[in-house]
Amino acid sequence: MIFTGWAFLFSSLLEVGAGPVEKMAGGFTFGRRTDGFPYPLDEVDKLAEEAVPKFEAYLKKNPSKSGCTLETATRRKEWTDLSVPQREEYIRAVLCLQSKPPKLASKAKYPGALSRYDDFVATHETYAMELHSTPHLLPAHRLYIWYYEKALRDECGYTGYQPYWNWGRYAADPVNSPLFNGNMSSMGGQGLPSTYPGVMQPQYKSPYDKIPPGGGGGCVTEGPFKNMTVSLGPIGTVLTDVPKNPQSDGFGSNPRCLRRDVNKYSASVTFANYTYALIKDSKDVDTFQKVMLGQPEKNDWGVHLGGHYTIGGDPGGDFFSSPGDPLFWFHHGMIDRIWWIWQMQDPEKRMNVVPGKPKADDKVKLGWFAPDALTSDLFTNIGGFGGQFCYIYD
Ligand SMILES: *[C@@H]1O[C@H](CO)[C@@H](O)[C@H](O)[C@H]1NC(C)=O
Ligand SMILES: *[C@@H]1O[C@H](CO)[C@@H](O)[C@H](O)[C@H]1NC(C)=O
Ligand SMILES: *[C@@H]1O[C@H](CO)[C@@H](O)[C@H](O)[C@H]1NC(C)=O
Ligand SMILES: [Cu+2]
């Protein structure tokens, strides 16, 4: 059994609204629920708010060429900041994408791509190195999420934007959170109990060398994704009872259930104070990325790994196939959000840097999935990607 996962793969890769709105400083509003809402602003939300006036000042000096401003930017909201009908609209759009035929992944090479949703999974599996190596990790995932949001809107009539998962809100009890409680307006529940042994983290010292099992690991039998068919993969880390893919590259058809281990041990490193410290204490972008991904020498799993293994299971626990769990987009949305909050702490210095100092003509190349994109054009969510990025996180 090999349960290595992200930390190991990264260490090798990196070398190569409903309710009323609150008025914000600068006259712009954050769409947070205030009507009997159970989640007060946490210290990360406050950092985001405090940084907005700085960002506004930065944009005055450096207006986006495409005319995107804080006022015109669309808002990606936290899951619970959406009303229940908005959550249900989002879920319908994801199910719609899963019901449409693939259009990008070639049938010959990817017999396991059964749906339009699987186009995205196949992309992450095929271009994993391109997506995760330095300097691409942050900008390439930003682009990838943007394409997903666009598909939900353009192809499935979704009228909102990609929600994110503020980990800290649910870290104490993820299974009973509005994301994972298994009701029809959640993103599905815990997997059935299984013999899941937990996730080994061999580069960490005991007791941090293992994320203990969270009580699931089996099929998700509640909520909107209980009938979901996972087909591509697995490729990397897998649970023992997941059938092997018939193709050695993992692209064969391997229909199976969605499995999860919603895991409070993993979630325990995603309380708001961890994210706050990551943003406040990372003085440069290399430190930000490194601490976010985890530091074995400090027994620190990091919020990236913490969030991924709060979902766990199959395909959520598989480095290559993880976007096959619809919560992937929420998790990486939060990563994208905190990158933005980190940038906003000192926008003049931080807007245009990523680890690894890419050359001016460096591109993110996602092959058959999308045209090559200039890496340096993906650094700002306000006006990046030729003006097509124009969003902020509420
Ligand atoms: C699901 O649970 C959330 C959180 O408790 C709640 O707000 C929502 O109304 C529930 N949805 C349904 C369909 O019961
Ligand atoms: C799952 O499939 C069954 C059988 O087709 C159907 O009755 C049920 O409504 C489906 N549930 C969901 C949440 O899609
Ligand atoms: C966050 O708070 C918890 C509980 O108070 C504490 O154990 C942990 O060390 C804190 N983490 C950081 C990074 O401050
Ligand atoms: Cu990824």
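Counting in this note's numbering, the sequence shown runs from 1 upward without gaps. We put the CB at the ideal spot given by N, CA and C, even for glycine.
Cα separation between D402 and E78? Only positions 1 to 394 of the chain appear in this structure, which leaves residue 402 out of reach.
Taking the straight line between their C-alpha atoms, what separation do you get for D362 and L278? Rounded to the nearest whole angstrom, the C-alpha separation of D362 and L278 is 27 Å.
Write down every uninterrupted run of the alpha helix (DSSP H) in the stretch 334 to 376 whose length is 4 residues or greater and which is fully enclosed by it, in chain order. Here the runs fully enclosed are 347 to 350.
Given S442 as reference, the closest of S282, Q289 and D209 once Cα atoms are compared: Given a span of 1 to 394 for the chain in the structure shown, any question on residue 442 remains unanswerable.
When every heavy atom of ligand 4 is checked, does at least one fall within less than 7 Å of the C-beta of H136? Not under cutoff, so the answer is no.
Buried or exposed, going by whether 16 or more other CB atoms sit within 10 Å of the CB of G27? The pLDDT assigned to G27 is 39, lower than 50, so where the model puts this residue is not dependable, and the model offers no usable value.
Stretch-stretch touch, CB-based, cutoff 8 Å, three pairs: the stretch 103 to 111 with the stretch 241 to 254: For the pair of segments examined, the stretch 103 to 111 was found to touch the stretch 241 to 254: the number of CB pairs separated by less than 8 Å reaches three.
Could you pull the start and end residues of the alpha helix (DSSP H) that R142 belongs to? Where R142 is concerned, the enclosing alpha helix (DSSP H) stretches over L137 to C156.
Please indicate yes or no: does the CB of Y265 lie closer than 7 Å to some heavy atom of ligand 3? No - ligand 3 has no heavy atom lying nearer than 7 Å to the Cβ of Y265.
Closest to P326 by C-alpha separation, out of I91, E50 and T72, would be which residue? Taking P326 as reference, the option from I91, E50 and T72 with the minimal CA-CA separation is I91.
For V84, which residues of its own chain have a beta-carbon under 7 Å away from its beta-carbon, when the five flanking residues on both sides are left out? Around V84: S185.
Mapping DSSP to helix, strand and coil, what is V220? In the structure shown, V220 sits in a strand (DSSP, three-state: E or B).
From the DSSP secondary-structure annotation, give me the bridge partner or partners of C390. Answer by DSSP bridge pairing, in chain order: I382.
Would you say Y196 and G217 are within 8 Å of each other, going by their C-beta atoms? Cβ distance < 8 Å, so Y196 and G217 count as in contact.
Taking all protein chains shown into account, do 16 or more other C-beta atoms lie within 10 angstroms of the C-beta of M129, making it buried, or fewer, making it exposed? Per the 10 Å Cβ criterion, exposed.
Determine the contact status of A51 and M351, defining contact as a CB-CB distance below 8 Å. No, Cβ-Cβ distance for A51 and M351 is not below 8 Å.
Do you know whose CA, among P234, E149, F120 and Y276, lies nearest P246's CA? That would be P234, whose Cα lies nearest to the Cα of P246.
Nearest CA to the CA of F320: which residue from R260, L47 and T123? Relative to F320, the option among R260, L47 and T123 whose CA is nearest is T123.
Excluding the five sequence neighbours on either side, which residues of its own chain have a C-beta within less than 8 Å of the C-beta of T387, listed in chain order? According to the sequence shown, residue 387 is Gly rather than Thr. So the qualifying residues of the chain are S64, K65, S66, G67 and C68.
Inspect the CB distances between the stretch 146 to 163 and the stretch 188 to 208 and report whether three or more fall short of 8 Å. Because the criterion of three Cβ pairs below 8 Å is not met, the stretch 146 to 163 and the stretch 188 to 208 do not touch.
In chain order, what residues place their C-beta within less than 6 Å of a heavy atom belonging to ligand 2? Taken from the N-terminal end onward, the list reads P224, K226 and N227.
Between the stretch 100 to 108 and the stretch 355 to 372, can you find at least three pairs of beta-carbon atoms closer than 8 Å? Judged by Cβ distances under 8 Å, the stretch 355 to 372 makes contact with the stretch 100 to 108, as three or more pairs qualify.
Is V175 close to ligand 1? I mean its beta-carbon at under 7 Å from any heavy atom of the ligand. Here the distance from the Cβ of V175 to the nearest heavy atom of ligand 1 is not below 7 Å.
Would you list the residues sitting across from D241 in a DSSP beta bridge? Its beta-bridge partners do not exist; DSSP assigns none.
Distance, Cα to Cα, G191 vs I211? The straight-line gap from Cα to Cα measures roughly 16 Å.
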